[in-house]
Amino acid sequence: MKVRRKDFIKGLAIGTISLPVFIRSWIGENQAQNKMAGNFSDGRTYEWKMVTTWPPNFPILGEGCNLFAEIVEKMSAGRMKIRVYGGGELVPALESFDAVSSGGAEIGHGAGYYWAGKVPAAQFFATVPFGMNAQQMNAWILYGGGLELWEELYRDFNLIPVPGGNTGVQMGGWFNKEINSIDDFKGLKMRIPGLGGKVFEKAGGAPVLLAGGEIYTGLERGVIDATEWIGPFHDHLMGFNEIGKYYYSPGWHEPGAELEFIFNKEKFEALPTDLQAIMRAAAGYVNTHVLANFEAKNALEMSKLMEEGIEIRTFSDDILEQLRIFTGQVIEEAIADDPFAQRAYASYDSFRRKAKEYAALTEKSFHNSLQI
Ligand code: CA
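Mapping the sequence shown onto this note's numbering, position 202 (from 1) lands on 196, and the numbers just tick up by one.
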C-alpha cells in the first residue's frame, strides 16, 4: 500500500495519473490529431437527424432526446442542428439501429435489448434480470471496462454507443391475481419482453408481445392477465392502475434499463473535434438528467398512487430465488453460440459480483438502517 500511495503522490506532482483510455481518446488524442489536420472547427453548419425508439416527445425519454438536441445546438452556437424523430416518424422504432448504421440518420436513441435479435450481446449493455442497477451499470460502462466492449461490439455496425440515461429499477408489473408462489405464474399471460419474458416462460408463464398502445385494452379484455411497463410515472399515465389489481415490486426483470445514444461512426468521426466533444458532453448531461427525472417522477407518482389506495405487493424471496435460477439458465442459452456475448457477459458478471458485494456493505446496509 505504501508503494502505491507513494506512486500516486508522485503521479499527482508530475501530472501523470493515467486516465481511462476512452477519456484520453475523447479529450486528448483525437483533438491532437484533428488539430494537426486543421479540423478543430470548420465553421460549417450541420443538420443531423436523430431517430428514436420512443413515441414523439414521450415523457422523460423523448424529452431527453429533445434536451440533447437543444443543448447541442446551444453549445455549438447553432453549428449543429439536430431534428429528433419519434419512432415511426422517419423509420419504424425498432429499425433505428439499422437506420443509423447505414447513415440514413446520423444519431439514434434507444436501448440495446431492442436489437438483441440482431446483436444478442447488446442486451448486456441494456439490462438483464437480476443484473446491475443504474449506478452499477454506469460504473461498469464508464470505469469497469464495459464501454470498450460495447464500442468493439458496435464498431462492426459502423456505430459508436454512448450511455444515454437509465430508467432505474423498474416495477414488477400489474397483476389481476396475487402471486403467492412460483406456481401462480403457470398459464399466466403477461406482457413481458426480452430475457425477462424467457425467464417468465421457464416459470410456466406465457409471455405475450404487445406494443405500448395495445396493453391497456389487452389487460381490460383479458387478452393478457398481467403486464409490466416501466414504473409508477409512466404506468399511471397509461392508466394501468384503473385495470390492474395488484402492483408488484420489484422489477427483477429490469433492474436498471440502460439507454443509449448511437452515432454513425463514419459521420461522427468526420465532424470537427469541438462538435464531437459537444455531443459527448451533451450525452453525458442527458445520461444524468434522464435517470434523475425517472427517480423524481416515480417517487412523486408512487406517493400519489399509494394515497389513492392501490394494492402493492412484493414477490416473496422464494419466488425471486426461483426466478434467479431460471435467469441463469436463460442467459446460458442466450450466449451459448456467441463468443462475443460470452466475453461481454463475463465482464458484466465479474463486475456485477464485486459491485454486489460492495453494495451489501453500503447501499443495502444503509437502506436497511432506514426506519421510515
Ligand atoms: Ca419494462
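Every residue, glycine too, gets a C-beta built ideally from N, C-alpha and C.
Do threonine 46 and glycine 80 come within 9 angstroms of each other at the CB atom, strictly closer than that value? yes
Is the region 162 to 172 touching the region 214 to 224 in the sense that three or more CB pairs, one from each, lie closer than 8 angstroms? Enough Cβ pairs lie closer than 8 angstroms, so yes.
Could you tell me whether any non-hydrogen atom of ligand 1 is closer than 8 angstroms to the CB of glutamine 270? Incorrect: glutamine 270 has no Cβ contact closer than 8 angstroms to ligand 1.
With DSSP run on the structure shown, which of helix, strand or coil describes lysine 180? coil
Hey, would you say asparagine 281 sits closer than 9 angstroms to proline 157, going by beta carbons? yes
Looking at C-alpha atoms only, which residue of Phe227, Thr39 and Ala93 is the closest neighbour of glycine 162? When C-alpha distances from glycine 162 are compared across Phe227, Thr39 and Ala93, the shortest belongs to Phe227.
DSSP state of lysine 68, grouped into three classes? helix
Can you tell me the Cα-Cα spacing of phenylalanine 334 and glutamate 146, whole angstroms? Spanning the alpha carbons of phenylalanine 334 and glutamate 146 requires a straight line of approximately 10 angstroms.
Enclosing alpha helix (DSSP H) for arginine 347 [first to last residue]: 333 to 355
Rounded C-alpha distance that separates glycine 372 from phenylalanine 309: As displayed, the chain neither begins before -5 nor continues past 366, which places residue 372 out of reach and without an answer.
Counting Cβ pairs closer than 8 angstroms, one from the region 88 to 105 and one from the region 130 to 143, do we hit at least three? no
Going by beta carbon distance, what residues of the same chain come within less than 7 angstroms of asparagine 381, once the five residues before and after it are set aside? In the structure as shown, the chain starts at -5 and stops at 366, and residue 381 therefore has no counterpart that could be examined.
Bridge partners of alanine 220, per DSSP? Phe169 and Met184
Which residue spans inside the region 283 to 309 form an unbroken beta strand (DSSP E) run of at least 3? DSSP runs (the beta strand (DSSP E)) wholly in the region 283 to 309: 305 to 308.
Output needed for tryptophan 109: all residues of its chain with C-beta closer than 7 angstroms, excluding positions within five of it in sequence on either side, in chain order. Phe91 and Ala116
Leucine 294 burial status per 10 Å Cβ neighbour count (16 or more: buried): exposed
Is the distance from the Cβ of valine 193 to the Cβ of leucine 317 below 9 angstroms? Contact flag set, yes.
I need the DSSP call for leucine 253, collapsed to helix, strand or coil. Three-state result, leucine 253: strand.
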